[in-house]
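For the sequence shown, the numbering used here assigns the number 55 to the initial residue and increments by one for each residue that follows.
The C-beta atom is built at its ideal place from N, Cα and C for all residues, glycine as well.
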Amino acid sequence: MCIHQLNLLTASSNLPITNFLGKQHPIEAHHLSSICDIMEKAMVNGDTCIIRCILVVFQVVFKFFFSAQTERNRDIVRRSGLLLWQLLMAPRDQICSEIQKEVCLAISSGLNILYPGEAEINNLLKLVLTEGERNSGLSQLRDVILTNLAEQLQNNRFGSEDDDHYRLNDELLHYILKIVVRESCVLITKCQTVSKDDFQRLLSTVPAASSCLRYLMAVQNHLLSNTILIKPDENDDSDSSLQGETLKVQELKTSILSLATQILTGCDEVLEMLQQVTTALINSDIPDREQRLKGLEQITKATMLGHLLPVLLTSLMHPNLQTLTMADALMPQLVQLVLYTSQTALLLKTQSPVFSELNASPGAASDQKGKLLPDERMLEEKEEPGFLTGLKIPAPWAAGKTVETVHPVRDNYKFKETVHIPGARCLYLRFDNRCSSQYDYDKLVIYAGPNTNSRKVAEYGGNTLGYGSRSVLGTGWPKDLVKVEGDTVTFSFEMRSGREHNTPDKAMWGFACTVRAQESSEDVSGGLPFLVDLALGLSVLACSMLRILYNGPEITKDEETCQELLRSKLLQRCQWQVEANGVISPALTPSPSPLPLTIDEDREFTYPSDVLVPPVGHYFDLPRIRLPPGIMIKLREISGRARPQFRPSIK
């Protein structure tokens, strides 16, 4: 199958043969017609070898040598498509799996030629997505097309003119997401239903993502990468450029919100199934129950919960996506997911019944011990307050940093490295028990500071293996921890002697040292269980979104400019109303809650809590602010109006 190998080579875009084939002239219509004649004859005779060869020829021709520009070419293309579909839809007993695979590759290679319009491609994809479960040929064609689209989208991650072609519309994405949710639920259900041997084989195949899941991952990564990683062009500050970038960012955020909403909805359904399977396994009496519960977490990672949700949660914490619109739309789903993940994590952690009937009697409670009850019963914490109780939170900083030479060291070898752990009061050094050098003057010097001018702490060299100097500096390479004050330590090693012919590698091993900020190292290798980690991530994102909702919309420039006016008590006493066109203006009618006639400027003004019926008539005394005498005198001088004189009344 030389031509098949040629086709595989041309699949790589960076090979010279790809550029060579891309520059060749397209074949004429009668040549493709001859290929179709050969295919029809082979199909009539049942010659599988010829059929397979012609299918590979179709793949190369569609990819490099054909263009359906004329009416005759389009007729030949329709004929080719009918032949391919005839093979694809043939019964399984009449066509082998290898030929079916080649048919799918041929259709995928000529997708834009066989289906030149966007509507035709969408109809094809809708067919394979909705009917793929009922027909093996359509299912395989769906997988091939989606895998190809996912690879193309991954290669064009940071934007290109073909983005719209590789990113399917929302309706098709919805179909793909339904398939992914169904696949995830089926995979989790197998942990309960399959036999012991089949379960072990299942564990050995995960986490392998299906083609639908791979495509969703590619779409999600494409959208998130373009929103988070791409920065605006600083050299182009024109208004049109800024406006175009703003519109593009808004479109990306809208697409991310739509996709995130669908993914969280699907994850909600998968988590519900996961909780049901976990409950059923805990209640079951199968011999390998513990092994299945342990393997359930590994299998969960192979679903959309492991491939889609962690990346989405991490990306939504980016400032570009921490918006009020995102928080308002995603908050209800996040809360539901936090509940599901925390409850399921608690179930897997305890591996004991934690459900009880809401109003069960003591006798009934004892009868139900060890059994989980149906959905109408609530989660009740029996022994522990939460899924984090008893778990050790990983401390990556506790693993320390390893500093080491090459092994073995060579002649004239020099090594210097500085380790800095911010905030550490002191550093603890633990040396490998294989540390050695040929002579004691081939030594390591340790300094408490950022360079070799800092205070010297200790020096080590030599070996006790009977080679070279046959001695060591001082008490030799340390067996216990070495304490260095401060947050910085510098290592300086120099090989001054030449290696002797009888010195083995173990006598010139060099050194290796682990630097930590704590005296006792913590266990950091295991990490948190997957569902616990997922529940914590969801909780952090939910709290972040809740803070955005609490803070509300950002303060506008107009509000910042009018801060002094907004704090004015003179404006605070005004009654405002919203006009039909949205303009805010002072109210012409009095407030139903009468205010005091005077407002003391030295006290904070608050409206009275009681609501009274306004007095009859149009007259209403508005509250006035009592101004200081000095300001009143100035106002009278400016206005030219003297202070009114009150004469005593004469009876």
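Residue from the options whose Cα sits closest to the Cα of residue i
i	options	result
Ile108	Val157, Ser151, Val273, Leu366	Val157
Trp563	Phe547, Arg570, Arg106, Val569	Phe547
Ile336	Lys355, Leu400, Val98, Thr395	Leu400
Phe565	Gly516, Leu347, Asn275	Gly516
Val182	Arg106, Asp342, Ile161	Ile161
Leu311	Leu592, Leu366, Ile340, Leu301	Leu366
Gly164	Asp197, Val111, Gly191, Glu237	Val111
Thr459	Asp496, Leu481, Gly477, His474	Asp496
Thr357	Ala263, Ile340, Asp534	Ala263
Trp531	Cys489, Ala561, Leu241	Cys489
Tyr229	Cys567, Asn280, Leu313, Ala478	Leu313
Val303	Val457, Ala204, Asn280	Asn280
Cys567	Asn556, Phe584, Ser598, Asp534	Asp534
Arg255	Asp224, Ile340, Val114, Arg346	Arg346
Asn466	Glu539, Cys480, Met549, Asn99	Met549
Tyr733	Gly520, Arg479, Phe584	Residue 733 is absent from the structure shown; the chain starts at 55 and stops at 705.
Gly349	Arg133, Cys245, Lys117	Cys245
Val114	Leu141, Arg196, Leu86	Leu86
Leu595	Leu388, Lys560, Gly528	Leu388
Leu138	Leu159, Gly503, Arg146	Leu159
Ala478	Thr184, Gln572, Lys611	Gln572
Neighbour-count burial assignment, residue i, 16 or more Cβ in a 10 Å radius
i	result
Tyr501	buried
Gln148	exposed
Lys403	buried
Lys470	exposed
Lys688	exposed
Tyr514	buried
Gln274	buried
His84	exposed
Cys150	exposed
Phe674	The predicted model places Phe674 with a pLDDT of 46, which falls under 50 and marks its position as unreliable; any figure quoted below should be read in that light. Label assigned to Phe674: exposed.
Thr127	Residue identity differs from the one stated: residue 127 is Asn in this sequence, not Thr. Buried.
Leu620	exposed
Leu301	exposed
Glu351	buried
Tyr604	exposed
Leu231	buried
Met143	exposed
Met371	exposed
Pro462	buried
Val715	Residue 715 falls outside the range modelled here, since the chain spans only 55 to 705, and no answer is possible.
Thr379	exposed
Helix, strand or coil at residue i according to DSSP, with G and I counted as helix
i	result
Cys480	strand
Val324	helix
Phe584	helix
Val396	The residue asked about is misnamed: residue 396 is Ser in this sequence, not Val. Three-state DSSP puts Ser396 in a helix.
Ala41	Since the first and last residues shown for the chain are 55 and 705, residue 41 lies out of range.
Thr506	coil
Val248	coil
Lys533	coil
Val460	coil
Met143	coil
Arg126	helix
Thr643	Interpretation of Thr643 is limited by its pLDDT of 47, a score under 50 that renders its predicted location unreliable; the figure taken from the coordinates is listed afterwards. Thr643: coil per DSSP, three-state reduction.
Arg601	helix
Glu554	coil
His228	helix
Ser162	helix
Ser9	One cannot answer for residue 9 here, as it falls past the ends of the chain, which runs 55 to 705.
Asn280	helix
Ala314	helix
Asp101	coil
Residues bridged to residue i (per DSSP)
i	result
His474	Thr542
Ala512	Ile500
Ser490	Gly564
Val14	A query on residue 14 cannot be resolved here, the shown segment of the chain reaching from 55 to 705 and no further.
Lys468	Glu548
Val526	Gly516
Taking contact to mean at least 3 C-beta pairs separated by less than 8 angstroms, is the region 502-513 in contact with the region 528-546?
yes
Could you tell me whether the region 383-399 touches the region 308-323, using the rule of 3 or more Cβ pairs below 8 angstroms?
yes
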